[in-house]
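In this note's numbering, the protein residues as written are 6 to 464.
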């Protein structure tokens, strides 16, 4: 198989051809949510990015095994459960279900495997034991810590020296640590805290070891792609590399490290202290999930994305154009065995350049609106649908899109007003037509006129 795709590797700081270990089985591991609250738009960006990446890889390789974990052991989960006086599983089940619901609204497919930390305690304990046996970890006062000085390449992913590593980790300077930068693999639990039995007493795992153990259990020692948000480069992914490499006798943990950029809000970092955290389920009240998905692809995945009040309305208009083009082809059967446009494939092969791929998609829509030959229309319809599927767009029929969603009917009285407006326009009663347009608008129905007649959509 010829190598087509290039990916930017955070570890090397450069783009390189993507060549998996085994072209018959590509492995992808992405750090998923810690389920103690609802997902915000920053959480949604990696979900969409790696959904597009795996969609594209599946077009090139016979098998892609995509793993995205759920972190269901965490101090924030413990705090939320204690506040409500419930078991942590009540919290984690609630917010994992909400996460799945929100992502489904954005057209994000489920990963092939979705491990939970609570299901992998034996594997985590086993990996910690191996690290102790090989001299890379040590037990102290009920804790087990990874000794960062034991791994010579610690800091290579984030390109930090020892001083900045320790400062950036915001580590606790505990008397039982050999070095300030050593990080926790296992920690004791109080009687009030969730805990599990281990050789070091009742306790719970540290955050970093969880992903290393789950990735090893499901995908093996060396992954093809490990991904997540840029905020995970240090300390999470740096620590994963150290402990996994040492647990595997020096075998590389991941061949490609892929990280997406942040989502800012009105040019400011999203944070609870500022009060500008945008929850996905609140944004879904402003527009359809497909519009939100489109917004998340308008910037290259490695670049910051600025979220403003205008982005959803703008995305709706763009999708109107795409679905409008498909509507002009409603009576045309899509051609079979038609390849994607070379420019579209080249864009996604070039480090998943979704802005450029979207530009090609809109060119197809423009061409579809101008096409007159049946064969050309059939080709363009096939390419529009295929390119849309690669990006997770155009997943409705035009009728569903302009009706405001698959299951949404017209408001009461709107159908009669639409019929009256057709009659008014046939009689050239332009004033009556405009009055009826305004009445429909008040009901949440936007009407547009074209050479093919009256069209409407929910607003």
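C-beta atoms are modelled at their ideal positions from N, C-alpha and C, and glycine is treated no differently.
**Prompt:** Going along the chain, which residues of its own chain have a beta-carbon closer than 8 Å to the beta-carbon of residue 257, five neighbours each way excluded?
**Reply:** Here residue 257 is taken as the residue at index 252 of the chain shown, counted from 1. Correct list, in chain order: 227, 250.
**Message:** If you reduce the DSSP assignment to three classes, tell me which class residue 278 lands in.
**Reply:** Stepping through the chain shown from its first residue, residue 278 is reached at position 273. Of the three classes helix, strand and coil, the one that applies to residue 278 here is coil, per DSSP.
**7 Å Cβ shell around residue 178 - same chain, five flanking residues per side excluded** = As a first step, residue 178 is located in the chain shown; it is residue number 173 there, counting from the start. Same-chain partners within the cutoff: 185.
**Request:** Compute the Euclidean distance between the alpha carbons of residue 89 and residue 283, then round it to the nearest angstrom.
**Result:** Numbered from 1 along the chain shown, position 84 holds the residue referred to as residue 89. Numbered from 1 along the chain shown, position 278 holds the residue referred to as residue 283. Each residue's Cα considered, the two are about 24 Å apart.
**Message:** Quick check: the Cα distance between residue 62 and residue 75, rounded to an integer number of angstroms?
**Reply:** In the chain shown, residue 62 corresponds to position 57, counting from 1. In the chain shown, residue 75 corresponds to position 70, counting from 1. Approximately 23 Å, taken between the alpha carbons.
**Request:** Put residue 440 into one of helix, strand or coil per three-state DSSP.
**Result:** Position 435 of the chain shown, counted from the start, is the residue given in the question as residue 440. DSSP places residue 440 in helix when its eight states are reduced to three.
**Item:** Backbone CA spacing between residue 308 and residue 264 [nearest angstrom]
**Value:** Numbered from 1 along the chain shown, position 303 holds the residue referred to as residue 308. Numbered from 1 along the chain shown, position 259 holds the residue referred to as residue 264. Their Cα atoms are separated by approximately 10 Å.
**Item:** Three-pair Cβ contact test at 8 Å for the region 76-85 versus the region 44-58
**Value:** no
**Helix, strand or coil at residue 194 [DSSP, three-state]** = Here residue 194 corresponds to residue number 189 of the chain shown, with the count starting at 1. Of the three classes helix, strand and coil, the one that applies to residue 194 here is coil, per DSSP.
**Asked** Can you find at least 3 beta carbon pairs, one from the region 138-150 and one from the region 228-237, that sit closer than 8 Å?
**Response** no
**Message:** Spatial neighbours of residue 388 within its chain, please: C-beta separation below 7 Å, excluding the five flanking residues on both sides.
**Reply:** Here residue 388 refers to the residue found at position 383 when the chain shown is read from its first residue. Hits under 7 Å: 343, 345, 346, 369.
**Prompt:** How should residue 360 be labelled, buried or exposed, when 16 other C-beta atoms within 10 angstroms of its C-beta is the threshold for buried?
**Reply:** Taking the first residue of the chain shown as 1, we reach residue 360 at position 355. Under this definition residue 360 is an exposed residue.
**Message:** Does residue 301 come out as helix, strand or coil in the three-state DSSP assignment?
**Reply:** The residue labelled residue 301 in the question sits at position 296 within the chain shown. If DSSP states are grouped into helix, strand and coil, residue 301 belongs with the helices.
**Prompt:** For residue 215, which residues does DSSP report across the bridge?
**Reply:** The residue you call residue 215 lines up with position 210 of the chain shown. Paired residue(s): none; residue 215 is not in a bridge.
**Request:** Can you grab the Cα-Cα spacing for the pair residue 197 / residue 94, in whole Å?
**Result:** On the chain shown, position 192 is the one that residue 197 refers to. On the chain shown, position 89 is the one that residue 94 refers to. Spanning the two alpha carbons is a distance of roughly 15 Å.
**Asked** Can you check whether the CB of residue 124 is closer than 9 Å to the CB of residue 72?
**Response** The residue given as residue 72 occupies position 67 in the chain shown. The residue given as residue 124 occupies position 119 in the chain shown. No. Outside cutoff.
**Request:** Report the rounded CA-to-CA distance for residue 162 versus residue 54, giving the unit in angstroms.
**Result:** As a working mapping, residue 162 is identified with position 157 in the chain shown. As a working mapping, residue 54 is identified with position 49 in the chain shown. Cα-Cα distance, rounded: 21 Å.
**Asked** Counting Cβ pairs closer than 8 Å, one from the region 21-37 and one from the region 270-278, do we hit at least three?
**Response** no
**Prompt:** In whole angstroms, what separates the C-alpha of residue 193 from that of residue 295?
**Reply:** If you number the chain shown from 1, residue 193 lands on position 188. If you number the chain shown from 1, residue 295 lands on position 290. Taking the straight line joining both Cα atoms gives about 44 Å.
**Request:** Could you tell me the distance, in whole angstroms, from the CA atom of residue 96 to the CA atom of residue 323?
**Result:** As a first step, residue 96 is located in the chain shown; it is residue number 91 there, counting from the start. As a first step, residue 323 is located in the chain shown; it is residue number 318 there, counting from the start. Rounded to whole angstroms, residue 96 to residue 323 spans 38 Å at the Cα level.
**Message:** DSSP three-state label for residue 526, please.
**Reply:** As shown, the chain starts at 6 and ends at 464. That puts residue 526 outside it, with no answer to give.
**Under the three-state DSSP convention, the category residue 253 falls into** = The sequence position of residue 253 within the chain shown is 248, counting from 1. Looking at residue 253 - three-state DSSP - the assignment turns out to be coil, as it is neither helix nor strand.
**Request:** Identify the continuous alpha helix (DSSP H) that holds residue 129 and give its terminal residues.
**Result:** Stepping through the chain shown from its first residue, residue 129 is reached at position 124. It spans 126-138 - the alpha helix (DSSP H) in which residue 129 sits, taken as one unbroken run.
**Message:** Count Cβ pairs between the region 238-254 and the region 203-210 that sit closer than 8 Å; are there 3 or more?
**Reply:** no
**Message:** Taking 8 Å as the limit between beta carbons, can you name the residues of its chain near residue 3, skipping five residues before and five after?
**Reply:** One cannot answer for residue 3 here, as it falls past the ends of the chain, which runs 6 to 464.
**Message:** Among 382, 19, 396, whose alpha-carbon lies nearest the alpha-carbon of residue 349?
**Reply:** What you label residue 349 is simply residue 344 of the chain shown in a count that begins at 1. It is 396.
**Prompt:** Buried or exposed: which applies to residue 341, given that a residue is buried once 16 or more other Cβ atoms fall within 10 Å of its Cβ?
**Reply:** Within the chain shown, residue 341 is the residue found at index 336, counting from 1. The residue in question, residue 341, is exposed, as its Cβ has fewer than 16 Cβ neighbours within 10 Å.
**Prompt:** How close, in whole Å, do the beta carbons of residue 320 and residue 337 come, if the pair is a contact with beta carbons under 8 Å?
**Reply:** Against the chain shown, residue 320 aligns to sequence position 315. Against the chain shown, residue 337 aligns to sequence position 332. With 8 Å as the limit, residue 320 and residue 337 do not qualify as a contact, their Cβ atoms being about 26 Å apart.
**Cα-Cα separation between residue 375 and residue 463, rounded to whole angstroms** = Here residue 375 refers to the residue found at position 370 of the chain shown. Here residue 463 refers to the residue found at position 458 of the chain shown. Between residue 375 and residue 463, the C-alpha separation is close to 26 Å.
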